[in-house]
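Undergrad: Numbering (my numbering), first residue to last: 36 to 318. Idealized CB from N, CA, C, for every residue including glycine.
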Ligand code: GUN
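What follows is the structure in structure tokens.
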């Protein structure tokens with residue numbers, strides 16, 4: 036059996052098209068969603084991510100500000116900028132690109148972002164709301180994962196979902212969102228014993244462990260949905276997921292490729308969060 040490929044780029048484009056229409060309607064009422072992105076330093080990967088976010092804002096008709104700060108910027112100066120953006124009416128979403136230089140405490144910066152403008156969904160109040168199940172801005176990559184599973188048409192309710200990886204950014208929030216969809220969720224991670232025995236029971240397998248080609252066909256139950264959140268740069272410069280796509284697609288059900296699976300969804304969900312924040316700000 037060869038699996039169907041979940042095309043994250045296509046799903047992303049569909050979502051962006053419906054957002055563009057909504058932004059147009061809002062702009063007729065004088066509302067333009069605004070996103071501020073803050074980049075400290077010159078990390079090459081971060082520079083690419085920030086440029087992509089700026090372009091997405093432009094394509095969708097959002098107002099966008101990018102603040103590029105020197106790597107030596109003090110924590111106090113960064114917090115002062117966040118405070119200014121918190122108060123700025125034209126800005127509905129604030130994203131401080133991570134990682135930050137070592138002399139800046141990430142937690143202090145995330146905690147300083149206004150909860151209603153935290154479009155990353157990283158603020159402890161938004162994380163808490165996610166745990167409780169209250170309405171909150173959802174973290175972008177996990178929200179993208181759920182959207183892609185929904186698009187397969189495969190019901191999550193009652194299914195066994197296994198998540199490999201327990202990061203705050205992906206593994207933990209994905210597991211909460213899967214529970215919200217009434218899946219039965221098992222978490223695996225680097226210390227899990229007999230991982231294959233567990234993952235082979237999964238109807239839905241989400242992999243976010245950060246190791247290139249970690250999951251091969253032996254980890255996968257025939258027909259299972261496989262979502263690969265991995266983005267690993269190989270020595271030859273190529274991008275590889277956490278899933279050995281070529282072997283797994285021979286046994287799995289719908290599966291995401293890397294690139295072109297979860298990746299394109301992250302920025303799209305960021306745009307969606309900014310749109311939600313803008314609508315909330317204007318009642
Ligand atoms: N760096 C890599 N991914 C992300 C993300 O989703 N949000 C932020 N703020 N920084 C990142």
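Can you give the Cα-Cα distance for residue 166 and residue 39, rounded to whole angstroms?
TA: Going from the Cα of residue 166 to the Cα of residue 39 covers about 32 Å.
Undergrad: Should residue 295 and residue 88 be called a contact, given that it needs their Cβ atoms to be closer than 8 Å?
TA: No.
Undergrad: Is any heavy atom of the ligand GUN found at a distance shorter than 7 Å from the C-beta of residue 254?
TA: No; taking the cut-off as 7 Å, the Cβ of residue 254 has no heavy atom of the ligand GUN nearer than that.
Undergrad: Mapping the DSSP letters down to three states, classify residue 58 as helix, strand or coil.
TA: Here residue 58 sits in helix by DSSP.
Undergrad: Would residue 126 and residue 152 qualify as a contact pair, given that the criterion is a beta-carbon distance under 8 Å?
TA: Result yes, Cβ atoms of residue 126 and residue 152 sit closer than 8 Å.
Undergrad: So what's residue 149 in DSSP terms, helix, strand or just coil?
TA: Correct three-state label for residue 149: coil.
Undergrad: Are residue 74 and residue 116 closer than 8 Å when you measure CB to CB?
TA: Contact flag unset, no.
Undergrad: Report yes if the C-beta of residue 176 is less than 7 Å from at least one heavy atom of the ligand GUN; otherwise report no.
TA: Residue 176: yes, Cβ under 7 Å from the ligand GUN.
Undergrad: On the DSSP letters alone, give me the boundaries of the beta strand (DSSP E) that residue 262 sits inside.
TA: It spans 260-263 - the beta strand (DSSP E) in which residue 262 sits, taken as one unbroken run.
Undergrad: Which residue or residues does DSSP assign as beta-bridge partners of residue 312?
TA: Its beta-bridge partners do not exist; DSSP assigns none.
Undergrad: Suppose contacts are defined by Cβ-Cβ distances below 8 Å. Is residue 130 in contact with residue 141 by that definition?
TA: Not closer than 8 Å, so no.
Undergrad: What is the C-beta distance between residue 251 and residue 279, in whole angstroms, given that I count them as a contact (C-beta under 8 Å)?
TA: Yes, residue 251 and residue 279 are in contact; Cβ-Cβ is about 5 Å, under 8 Å.
Undergrad: Below 8 Å between beta carbons: does that hold for residue 175 and residue 301?
TA: Yes, the Cβ-Cβ distance between residue 175 and residue 301 is below 8 Å.
Undergrad: Name the two residues that bound the continuous alpha helix (DSSP H) containing residue 282.
TA: Segment 280-283, the alpha helix (DSSP H) holding residue 282.
Undergrad: Cβ-heavy atom distance between residue 303 and the ligand GUN below 7 Å?
TA: Not under cutoff, so the answer is no.
Undergrad: Alpha carbon to alpha carbon, how far is residue 69 from residue 99? Give it in angstroms, no decimals.
TA: Going by the C-alpha atoms only, they are around 6 Å apart.
Undergrad: Using 7 Å as the cut-off, classify the Cβ of residue 155 as near or not near the heavy atoms of the ligand GUN, replying yes or no.
TA: Yes, since a heavy atom of the ligand GUN falls inside the 7 Å radius drawn around the Cβ of residue 155.
Undergrad: In angstroms with no decimal places, state the Cα-to-Cα distance between residue 308 and residue 54.
TA: Whole-angstrom Cα-Cα distance: 11 Å.
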